[in-house]
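**Q**
Protein chains: 2
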Amino acid sequence: MATNKAIELDSTAAGDKTEQILQGAMQEFLTHGYAGTSMDKVAKTGGVSKATVYSYFQDKEGLFTALVQRLAAEKFVYFEAVPESTEPAIALRFVATTILDHASQEPHFLTFLRLVIAESGRFPQLAQIFVRNLTKPGIERLTQYLASHPELKLPDPEATARIFIGSLVYFQLTQDMMHGKEILPMERDRLIDGLLQLILRS
Amino acid sequence: MATNKAIELDSTAAGDKTEQILQGAMQEFLTHGYAGTSMDKVAKTGGVSKATVYSYFQDKEGLFTALVQRLAAEKFVYFEAVPESTEPAIALRFVATTILDHASQEPHFLTFLRLVIAESGRFPQLAQIFVRNLTKPGIERLTQYLASHPELKLPDPEATARIFIGSLVYFQLTQDMMHGKEILPMERDRLIDGLLQLILRS
DNA sequence: GTCTATATTTAGATAGAC
DNA sequence: GTCTATCTAAATATAGAC
Numbered sequence: 001m002a003t004n005k006a007i008e009l010d011s012t013a014a015g016d017k018t019e020q021i022l023q024g025a026m027q028e029f030l031t032h033g034y035a036g037t038s039m040d041k042v043a044k045t046g047g048v049s050k051a052t053v054y055s056y057f058q059d060k061e062g063l064f065t066a067l068v069q070r071l072a073a074e075k076f077v078y079f080e081a082v083p084e085s086t087e088p089a090i091a092l093r094f095v096a097t098t099i100l101d102h103a104s105q106e107p108h109f110l111t112f113l114r115l116v117i118a119e120s121g122r123f124p125q126l127a128q129i130f131v132r133n134l135t136k137p138g139i140e141r142l143t144q145y146l147a148s149h150p151e152l153k154l155p156d157p158e159a160t161a162r163i164f165i166g167s168l169v170y171f172q173l174t175q176d177m178m179h180g181k182e183i184l185p186m187e188r189d190r191l192i193d194g195l196l197q198l199i200l201r202s
Numbered sequence: 001m002a003t004n005k006a007i008e009l010d011s012t013a014a015g016d017k018t019e020q021i022l023q024g025a026m027q028e029f030l031t032h033g034y035a036g037t038s039m040d041k042v043a044k045t046g047g048v049s050k051a052t053v054y055s056y057f058q059d060k061e062g063l064f065t066a067l068v069q070r071l072a073a074e075k076f077v078y079f080e081a082v083p084e085s086t087e088p089a090i091a092l093r094f095v096a097t098t099i100l101d102h103a104s105q106e107p108h109f110l111t112f113l114r115l116v117i118a119e120s121g122r123f124p125q126l127a128q129i130f131v132r133n134l135t136k137p138g139i140e141r142l143t144q145y146l147a148s149h150p151e152l153k154l155p156d157p158e159a160t161a162r163i164f165i166g167s168l169v170y171f172q173l174t175q176d177m178m179h180g181k182e183i184l185p186m187e188r189d190r191l192i193d194g195l196l197q198l199i200l201r202s
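Quick mapping for you: the protein sequence lines, in order, are chains Z and W. Counting from 1, one number per residue, gives the positions in the first sequence under my numbering. Counting from 1, one number per residue, gives the positions in the second sequence under my numbering.
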């Protein structure tokens, strides 16, 4: 009796214990960090027993590693590629807006970044997976776009790409993650304008 | 019998229990994070008993809060003010170099930033203290320097200051904190050159 | 003021029933 | 395969001796 596998490929299928566990793990680890998360809570949030968690994952570290790898591999993307035919003023503003809006569209993204940074001492490989799967493709995409526009007269497109993305990430870090909005207020568009002015005045 | 108070002002004086506890707390919290640190280890590392820790600080949260406040208030500084008479190419390179070298000079600084980010969800006030005491003065100092040099023709000095510092912090975040050196290699001076080229080509 | 010893809770992990 | 019940270790916090 061949069951319909297509249905089970839906990663949110309720019957899939692995998914339930990872969902519970995501909620708990993202909220409380590695050491602050208990396997009891993971099991309860996932709607399974703790023994079931341990039958699917070797231990807490294994579960955490599996979760982070999965989130870095599947769930989050900095931004998609921009066609090189788009003119720079439009393309760069689009990229910047996309990155800064990411927090709204994917509410867990900033929390995920926080988690990876928080555990980058204890789990350096996981931080490296984040860099490899998210940071690197983002930098490379933007570098390639910048390099394909010689009229910008950028002496070092890759350095420029890092400056561009770094400014945006730091902005989110300071304003949202570290709750600096009221202490160090600045409109999102003001930062973007400043960035574009620096890059476009060739 | 008046004892010599001057000696006790040395914050590493062995007899001062408060200092011993904070030293132990610093080492443990910086290494293992909030939830990953036990009061037993803090006491042992500080060379006192656990009961003594609880006689000086109300509980784990109080100790953690006191430690972070202290580190943000006293121990770390982004960079000192640069005289406005220094010419931009020199001054900006000096500021950039200072910030990037900070990790070497103050080996705990990156770890402290990691800790504050890690706990910025549970302890938002502590993240705000960090922003108020470290981020804000840094941005403001650089903004003032940039604003005092109209020959740079910067339409928005504060946005530029954020771009400048953001690029540098993101660089350290990616290369060092998240162990991305080998995955996304770039020389420190290449980023600085790229930054200066963007800002100085007026 | 400072310590040792301990009460109490909670955590990671597993044995054994079904 | 999944659950309940439990073992063992470790953590927060405090009582009581000195």
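Note that CB positions come from ideal geometry on N, CA and C, so glycine has one too.
1. Could you confirm whether any beta carbon from chain W is found closer than 7 Å to the beta carbon of R114/Z?
2. Tell me whether A51/W is buried or exposed, calling it buried when 16 or more other Cβ atoms sit within 10 Å of its Cβ.
3. Quick test of the definition: if touching needs 3 or more C-beta pairs under 8 Å, does the stretch 171-181 of chain Z touch the stretch 98-117 of chain Z?
4. Helix, strand or coil for S167/W per DSSP?
5. For A89/W, which residues of its own chain have a beta-carbon under 8 Å away from its beta-carbon, when the five flanking residues on both sides are left out?
6. Is there a Cβ from chain W that is less than 7 Å from the Cβ of M178/Z?
7. Would you mind working out which of K60/Z, H102/Z, E182/Z and R132/Z sits nearest F184/W, comparing C-alpha positions?
8. Could you tell me which of L63/Z, A159/Z, F64/Z and L168/Z sits nearest to L198/W, measuring between CA atoms?
9. Can you list the residues of chain W that T174/Z reaches, using a CB-CB cut of under 7 Å?
10. What residue from G46/Z, S202/Z, S167/Z and L173/Z has the CA that sits closest to V95/Z's CA?
11. Using alpha carbons as the reference points, say which of F123/Z, P107/Z, S148/Z and E182/Z lies closest to E83/Z.
12. On a Cα-Cα basis, can you pick out the residue from T86/Z, E151/Z, G138/Z and F76/Z that is closest to H108/Z?
13. With a cut-off of 8 Å, do at least 3 Cβ pairs link the stretch 22-34 of chain Z to the stretch 59-76 of chain Z?
14. Determine whether the beta carbon atoms of I129/Z and A161/Z lie at a separation below 7 Å.
15. Going along chain W in order, which residues have a C-beta closer than 8 Å to the C-beta of M186/Z?
16. Could you name the residues of chain W that A35/Z contacts, counting a contact when the two beta carbons are closer than 9 Å?
17. Kindly indicate the opening and closing residues of the alpha helix (DSSP H) around L126/Z.
18. Can you tell me whether S85/W is buried or exposed, with buried defined as 16 or more other CB within 10 angstroms of its CB?
19. Do you know whose CA, among H102/Z, I117/Z and Q144/Z, lies nearest Q172/Z's CA?
20. Return helix, strand or coil for Q58/W, following the three-state DSSP convention.
21. Along chain Z, which residues have their Cβ under 8 Å away from the Cβ of L198/W?
22. Taking the alpha-carbon positions, what's the A118/W to F123/Z distance?
23. Quick check on L191/W - is its C-beta less than 7 Å from some C-beta in chain Z?
24. With DSSP collapsed to three states, give me the class of P88/W.
25. Pick out whichever of G46/W, D59/W, Q58/W and Y145/W has its Cα sitting closest to the Cα of D16/W.
**A** Answer, in terms of the structure:
1. As a working mapping, residue 114/Z is identified with position 114 in the first sequence. It does; some Cβ of chain W falls within 7 Å.
2. Counting from one through the second sequence, the residue named residue 51/W turns up at place 51. By the neighbour-count rule (16 or more Cβ atoms within 10 Å), A51/W is not buried but exposed.
3. Taking a contact to require three or more Cβ pairs closer than 8 Å, the stretch 171-181 of chain Z and the stretch 98-117 of chain Z qualify as touching.
4. By 1-based counting over the second sequence, the position of residue 167/W is 167. It is helical.
5. Reading the second sequence from its first residue, position 89 is the one you call residue 89/W. Answer for A89/W: L196 and L200, listed in chain order.
6. Looking up residue 178/Z in the first sequence gives position 178. At least one chain W Cβ lies under 7 Å of M178/Z.
7. Along the second sequence, read from residue 1 onward, the residue named residue 184/W stands at position 184. What sits at residue 184/W in the sequence shown is Leu, not Phe. Looking at the Cα atoms, R132/Z is the closest of the given residues.
8. In the second sequence, counting from the first residue as 1, residue 198/W sits at position 198. Out of L63/Z, A159/Z, F64/Z and L168/Z, A159/Z has the C-alpha closest to the C-alpha of L198/W.
9. As a first step, residue 174/Z is located in the first sequence; it is residue number 174 there, counting from the start. Close partners of T174/Z in chain W (Cβ separation under 7 Å): V131 and T135.
10. Here residue 95/Z is taken as the residue at index 95 of the first sequence, counted from 1. In terms of CA proximity to V95/Z, S167/Z leads the group G46/Z, S202/Z, S167/Z and L173/Z.
11. In the first sequence, counting from the first residue as 1, residue 83/Z sits at position 83. Checking the sequence shown, residue 83/Z turns out to be Pro, not Glu. Selected option, being the one with the closest Cα: S148/Z.
12. As a first step, residue 108/Z must be located in the first sequence, where it is residue number 108. Out of T86/Z, E151/Z, G138/Z and F76/Z, F76/Z has the C-alpha closest to the C-alpha of H108/Z.
13. Taking 8 Å as the limit for Cβ pairs, the verdict is that the stretch 59-76 of chain Z does touch the stretch 22-34 of chain Z.
14. In the first sequence, residue 129/Z corresponds to position 129, counting from 1. In the first sequence, residue 161/Z corresponds to position 161, counting from 1. The answer is no: Cβ separation not under 7 Å.
15. Position 186 of the first sequence, counted from the start, is the residue given in the question as residue 186/Z. Residues of chain W with a Cβ closer than 8 Å to the Cβ of M186/Z are, in chain order, E158, A159 and R162.
16. Within the first sequence, residue 35/Z is the residue found at index 35, counting from 1. What A35/Z touches in chain W: H32, G33, Y34, A35, G36 and T37.
17. For this step, residue 126/Z is matched to residue 126 along the first sequence. Bounds of the alpha helix (DSSP H) holding L126/Z are P124 to F130.
18. Residue numbering aside, residue 85/W sits at position 85 when the second sequence is read from its first letter. So S85/W ends up on the exposed side.
19. If you number the first sequence from 1, residue 172/Z lands on position 172. Looking only at H102/Z, I117/Z and Q144/Z, the smallest Cα-Cα distance to Q172/Z is reached by H102/Z.
20. The residue labelled residue 58/W in the question sits at position 58 within the second sequence. Reduced to three states, the DSSP call for Q58/W is coil.
21. Here residue 198/W refers to the residue found at position 198 of the second sequence. Per Cβ cutoff of 8 Å: T160, I163, L198 and I199.
22. As a position in the second sequence, residue 118/W is number 118, starting the count at 1. As a position in the first sequence, residue 123/Z is number 123, starting the count at 1. Rounded to the nearest whole angstrom, the CA to CA distance from A118/W to F123/Z is 14 Å.
23. Here the question's residue 191/W lines up with position 191 in the second sequence. Nearest CB-CB separation between L191/W and chain Z: below the 7 Å threshold.
24. Here residue 88/W refers to the residue found at position 88 of the second sequence. Three-state result, P88/W: helix.
25. Counting from 1 along the second sequence, the entry for residue 16/W is found at position 16. For the residues G46/W, D59/W, Q58/W and Y145/W, the minimum Cα distance to D16/W belongs to G46/W.
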